[in-house]
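Student:
Residue numbers (my numbering), protein chains in the order written: chain A, 1224 to 1535; chain B, 175 to 525.
#1: What whole-angstrom Cβ distance do residue 1478 of chain A and residue 1373 of chain A have, given they're in contact under 8 Å?
#2: According to DSSP, simplified to helix, strand and coil, what is residue 1386 of chain A?
#3: The beta strand (DSSP E) spanning residue 222 of chain B covers which residue range?
#4: Using DSSP with H/G/I as helix, E/B as strand and the rest coil, what is residue 1536 of chain A?
#5: From residue 384 of chain B to residue 278 of chain B, what distance separates their C-alpha atoms?
#6: In chain order, what residues of the same chain have a beta carbon less than 8 Å from the beta carbon of residue 412 of chain B, not counting five sequence neighbours either side?
#7: From A:1496, A:1455, A:1468 and A:1519, pick the residue whose C-alpha is nearest to that of residue 1320 of chain A; which is it?
#8: Which residue comes first and which comes last in the beta strand (DSSP E) that contains residue 208 of chain B?
#9: Tell me the start and end of each unbroken alpha helix (DSSP H) in the stretch 464-513 of chain B that is at least 4 residues and wholly inside, in chain order.
#10: Quick check on the burial criterion: 16 or more other C-beta atoms within 10 angstroms. Buried or exposed for residue 377 of chain B?
#11: Does the Cβ-Cβ distance between residue 196 of chain B and residue 222 of chain B come in under 8 Å?
#12: Under a CB-based cut-off of 8 Å, is residue 1231 of chain A close to chain B?
#13: Determine the extent of the beta strand (DSSP E) in which residue 426 of chain B is found, giving its start and end residues.
#14: Residue range of the beta strand (DSSP E) that residue 1501 of chain A falls in?
#15: Taking the C-alpha atoms as reference points, what is the distance between residue 1357 of chain A and residue 1415 of chain A?
#16: Apart from the five residues on each side of it in sequence, which residues of its chain come closer than 7 Å, Cβ to Cβ, to residue 1421 of chain A?
#17: Which chain A residues are close to residue 289 of chain B, counting only those with a beta carbon under 9 Å from its beta carbon?
#18: For a contact defined as C-beta to C-beta under 7 Å, what are the partners of residue 1435 of chain A on chain B?
#19: Out of curiosity, what's the CA-to-CA distance linking residue 433 of chain B and residue 442 of chain B?
#20: To the nearest angstrom, report how far apart residue 1437 of chain A and residue 359 of chain B are at their CA atoms.
#21: Quick one: is residue 1451 of chain A near chain B, going by C-beta distance under 8 Å?
#22: Beta-carbon of residue 1525 of chain A versus every beta-carbon of chain B: anything under 8 Å?
#23: Check whether the Cβ atoms of residue 234 of chain B and residue 416 of chain B lie closer than 8 Å to each other.
#24: Is it true that the stretch 1426-1441 of chain A meets the stretch 1299-1311 of chain A, where meeting means three or more beta-carbon pairs spaced less than 8 Å apart?
#25: Cα-Cα, which of A:1504, A:1475 and A:1241 is closest to residue 1399 of chain A?
#26: Keeping to the same chain, check which residues put their C-beta closer than 7 Å to that of residue 160 of chain B; ignore five residues upstream and five downstream.
#27: Residues of chain A with a CB under 7 Å from the CB of residue 296 of chain B: which are they?
#28: At the 8 Å Cβ level, is residue 1313 of chain A part of the contact set with chain B, yes or no?
#29: Does the beta carbon of residue 1482 of chain A sit closer than 8 Å to a beta carbon anywhere in chain B?
#30: For residue 208 of chain B, decide whether its Cβ has a neighbour in chain A, counting only Cβ atoms nearer than 8 Å.
#31: Would you give the residue range spanned by the beta strand (DSSP E) that residue 259 of chain B belongs to?
#32: So if I threshold CB-CB distances at 9 Å, which residues from the stretch 362-373 of chain B count as touching chain A?
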């Protein structure tokens, strides 16, 4: 187990390193001069060169990359090119709480909508509830988030002032209901189908028959014997979703005006703010890798047949 | 809960076969069908059966003969499109229904199934799978249920009960899992234990152990047993009464001695011939019954066994023979009683 964790951590560090390096390389491959972006379109070549020197852009890519890695090893993500004097870490720290709250909300919607609907549909196949759930899942899966988000804003925030239209405020949860729903509804639809399939399958298994032969009430059978099996695939997907959401989902953040990591990343790409690009990419990569790890550990807690071993 | 404790105090019932005893379960002209309308397929047809306290009844037949479906009909747990199409099941004299089953399922009548490898939930500890039943049916506390479960594990011959209690089923062998399943099934001291092919999935050496255990446990808890098997040899060693089914119908009933020594139905005779005997010389090949049983739902006007029967007459393919004889000893065959019938048979004598 300890060997497995050590090995796994080494892999995680390697993956994050690789992703960050790629982000760095791509940022330099863009055929535009970051110094020009900072200086503005009217700036003289001398001013641009001076800014490039200030930012260290006049040095070779290798030298820049090595000093970037050196800073990273000290936990320093660097200073923004564009936002004068602001560190990447502080910008991310400001944006991350919004993204995290939105991500948790999205996952929460996935759970509270997806799992119960899937279970109920599985217990009553071909019933009215099942058909409604199937139709709802089809809608949820096929509705593009930008369209759904705009529809929700138009009807529930603009026409009927149930929710705030845009931005963030106090209490935050109030401003995040529509965005997180938009974020989670696709996953919820997917989970409801997946849970329905798994539960249908589990209900046909011999150990469920045996539990019934034992005279256990259906509620206990669901709670103790069925749910665990239904949760196995859901746990994997939820972990991946959460990892992805925590990286910042730009489309949701921009529709609903949430100043999260996604918007930060987008703005930094638009201005070729290289430290900010690598910083936000690194945050996304770290969350993805970390959630993967958590999923694997959770799996062993639910399913005793899965054991963590070196070399897996 | 009260009747449970009272049951434990009852004195052992006499083993005298002639003694008139209370029936635990009765099947009254039971038919089971799958589907409906023109798609209806009747897989069990007019089965009547009476299982008395402490009795050991064997239900024998080829796969597809309706044995397992009969067992599930007793438990009121027929798989999805299946339903009791006519007749009824009586549990201790009361008509059984799926809704009322919580009063007796698992307590008065318990059942273990064929596949011990999959009848225990792989994600739930053995202990929890045992105690949930004790706690639900007998209202035991967590500690009481645990103590009781450990005792049961000990009784079924699990080497280290506290350890097994904590373990998940996947670490146990098939034989051990069937022991655990048996311990669970008898944990509420059922009056009838239905064992549906309990040894089919196990190694031959383990089979004997499990059967011995089944015998010991049913004697200890004074349960009647309905042993379902395709293997007449297994059933003959274990049961005092045998019911032979073919194509969803009962074709012969009798005590084990009657079935073995005074076999009345050609199908039973063919089954007997296909069981290798332990004593005598092994034949070159084991006898097998030519042909195959009719597909479920195929209804012919005559006897369903006629196409495979060595002594079939014209009449056999025209009209179906009725099950005749007193309760406990009956046979459904036209040839029976004819001069052409080659075996010395007595039906109608003392059951």
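Built from N, CA and C at the ideal position, the CB exists for glycine as well.
Quick caveat, the model's predicted, so the values are computed rather than measured.
Tutor: Let me lay it out:
#1: To locate residue 1478 of chain A, count along the first chain from 1; it is residue 255. To locate residue 1373 of chain A, count along the first chain from 1; it is residue 150. Contact flag correct, Cβ pair sits at about 7 Å.
#2: Within the first chain, residue 1386 of chain A is the residue found at index 163, counting from 1. In this structure, residue 1386 of chain A counts as coil in the three-state DSSP scheme.
#3: Counted from its first residue, the second chain places residue 222 of chain B at position 48. Per DSSP, the continuous beta strand (DSSP E) segment holding residue 222 of chain B begins and ends at 215-226.
#4: With chain A covering 1224 to 1535 only, the question about residue 1536 of chain A has no answer from this structure.
#5: One-based indexing of the second chain puts residue 384 of chain B at position 210. One-based indexing of the second chain puts residue 278 of chain B at position 104. If I take the Cα positions, the gap works out to 25 Å.
#6: Position 238 of the second chain, counted from the first residue, corresponds to residue 412 of chain B. Excluding sequence neighbours, residue 412 of chain B sits near 230, 232, 385, 388, 389, 399 and 401.
#7: Residue mapping note: residue 1320 of chain A aligns to position 97 of the first chain, counting from 1. Per the Cα distances, A:1468.
#8: If you number the second chain from 1, residue 208 of chain B lands on position 34. Taken as a continuous stretch (DSSP letters only), the beta strand (DSSP E) holding residue 208 of chain B covers 197-208.
#9: 488-492
#10: The residue given as residue 377 of chain B occupies position 203 in the second chain. Result: exposed.
#11: As a first step, residue 196 of chain B is located in the second chain; it is residue number 22 there, counting from the start. As a first step, residue 222 of chain B is located in the second chain; it is residue number 48 there, counting from the start. No, the pair does not count as a contact, with Cβ atoms beyond the cut-off.
#12: The sequence position of residue 1231 of chain A within the first chain is 8, counting from 1. Residue 1231 of chain A does not count as touching chain B.
#13: Numbered from 1 along the second chain, position 252 holds the residue referred to as residue 426 of chain B. First-last of the beta strand (DSSP E) with residue 426 of chain B: 423-429.
#14: Translated into positions along the first chain, residue 1501 of chain A becomes position 278. Residue 1501 of chain A -> not in any beta strand (DSSP E); alpha helix (DSSP H) instead, spanning 1497-1525.
#15: As a first step, residue 1357 of chain A must be located in the first chain, where it is residue number 134. As a first step, residue 1415 of chain A must be located in the first chain, where it is residue number 192. Each residue's Cα considered, the two are about 9 Å apart.
#16: Position 198 of the first chain, counted from the start, is the residue given in the question as residue 1421 of chain A. For residue 1421 of chain A, where only same-chain residues beyond five positions count, the Cβ hits under 7 Å are 1452, 1453 and 1456.
#17: Residue numbering aside, residue 289 of chain B sits at position 115 when the second chain is read from its first letter. Near residue 289 of chain B (Cβ distances below 9 Å), the residues of chain A are 1429.
#18: Residue 1435 of chain A sits at position 212 when you count from the first residue of the first chain. Per Cβ cutoff of 7 Å: 251.
#19: By one-based count along the second chain, residue 433 of chain B stands at place 259. By one-based count along the second chain, residue 442 of chain B stands at place 268. If I take the Cα positions, the gap works out to 8 Å.
#20: Working through the first chain from its first residue, we reach residue 1437 of chain A at position 214. Working through the second chain from its first residue, we reach residue 359 of chain B at position 185. Computed Cα separation, rounded: 7 Å.
#21: Within the first chain, residue 1451 of chain A is the residue found at index 228, counting from 1. With 8 Å as the cut-off, residue 1451 of chain A counts as an interface residue toward chain B.
#22: Within the first chain, numbered from 1, the residue matching residue 1525 of chain A stands at position 302. At least one chain B Cβ lies under 8 Å of residue 1525 of chain A.
#23: Position 60 of the second chain, counted from the start, is the residue given in the question as residue 234 of chain B. Position 242 of the second chain, counted from the start, is the residue given in the question as residue 416 of chain B. A contact, by the Cβ cut-off of 8 Å.
#24: no
#25: Along the first chain, one-based indexing puts residue 1399 of chain A at 176. Closest in C-alpha terms to residue 1399 of chain A, from the list A:1504, A:1475 and A:1241, comes A:1475.
#26: Any answer about residue 160 of chain B is impossible in this case: the structure gives chain B only from 175 up to 525.
#27: Walking along the second chain from the start, residue 296 of chain B turns up at place 122. Chain A residues near residue 296 of chain B: 1528.
#28: Position 90 of the first chain, counted from the first residue, corresponds to residue 1313 of chain A. No, no contact with chain B.
#29: In the first chain, residue 1482 of chain A corresponds to position 259, counting from 1. Chain B, which has no Cβ nearer than 8 Å to the Cβ of residue 1482 of chain A, makes this no.
#30: If you number the second chain from 1, residue 208 of chain B lands on position 34. Judged by the 8 Å Cβ criterion, residue 208 of chain B is not in contact with chain A.
#31: For this step, residue 259 of chain B is matched to residue 85 along the second chain. Run containing residue 259 of chain B: 256-265, per the beta strand (DSSP E) assignment.
#32: Residues of the stretch 362-373 of chain B with a C-beta less than 9 Å from any C-beta of chain A: 362 and 368, listed in chain order.
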